[in-house]
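K.L.:
Sharing a structure below in structure tokens format, with a few things to ask.
Residue numbers (my numbering): 2 to 215.
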């Protein structure tokens, strides 16, 4: 069993947050280009100072084109976070499909490596991640890390006989929250990722293997 991917376009349509839904390939490509531009701006300056004008300038588009799809910068950030989640799921699925993954320990190690790769290579990911860093209230949905941890537990239940319990879910969620925080710090202080903090995050996730109950 793999974690069910949520392609960015489908996720955006389902979320019903876009002002205009692309109906042609050219429009879809334009939307993708705007998200790419937003990711690059965030990579350079962080998400807190992101403006729709900066995205338009980076994409070589008019500000009207940005507003055609995104009513404001918050919706733009949410949209990019949905795409980040899609790419994270794809990376995790690929990691879990590796023949070297034979038990919970190797699965957790592979997932950690997949997330480190995203922090290192995906523009803007180290800042925005899955969107949980955005302090938007009232909260409209459960945190992305809660959902992802539950989906990973479902994989572990099916493949490795781990029990489907709230305790096991909490163990995984705590491990991934710790990893997320340490990786965020690792790449904030070193663009290539501070090795000591990356290793600390991976160790926190690895420790969860012995705590998961069958």
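Ideal Cβ placement from N, Cα and C applies to all residues, glycine included.
(1) Roughly how far, in whole angstroms, is the beta-carbon of residue 198 from the beta-carbon of residue 186, given that I think they are within contact range, below 8 angstroms?
(2) Would you say residue 57 and residue 66 are within 8 angstroms of each other, going by their C-beta atoms?
(3) Classify residue 130 as buried or exposed, calling it buried when 16 or more other Cβ atoms lie within 10 Å of its own Cβ.
(4) To the nearest angstrom, how far is the alpha carbon of residue 106 from that of residue 61?
(5) Are three or more beta carbon pairs between the region 152-164 and the region 96-106 nearer than 8 angstroms?
(6) Going by DSSP in three states, residue 68 sits in which element: helix, strand or coil?
(7) Confirm, please, whether the CB-CB distance from residue 206 to residue 113 is below 8 angstroms.
(8) Going by the beta-carbon positions, is the gap between residue 109 and residue 80 smaller than 8 angstroms?
(9) So, residue 153 versus residue 184, is the Cβ gap smaller than 8 angstroms?
P.N.:
This is what the structure gives:
(1) With a Cβ gap of about 5 angstroms, residue 198 and residue 186 count as contacting.
(2) Going by C-beta atoms, residue 57 is nearer than 8 angstroms to residue 66.
(3) Its Cβ being crowded by 16 or more others within 10 Å, residue 130 is buried.
(4) So the two alpha carbons sit approximately 46 angstroms from each other.
(5) Yes: at least three Cβ pairs fall under 8 angstroms.
(6) Three-state DSSP puts residue 68 in a helix.
(7) The answer is yes: Cβ separation under 8 angstroms.
(8) It is not a contact, given that the beta carbons lie outside the stated cut-off.
(9) No.
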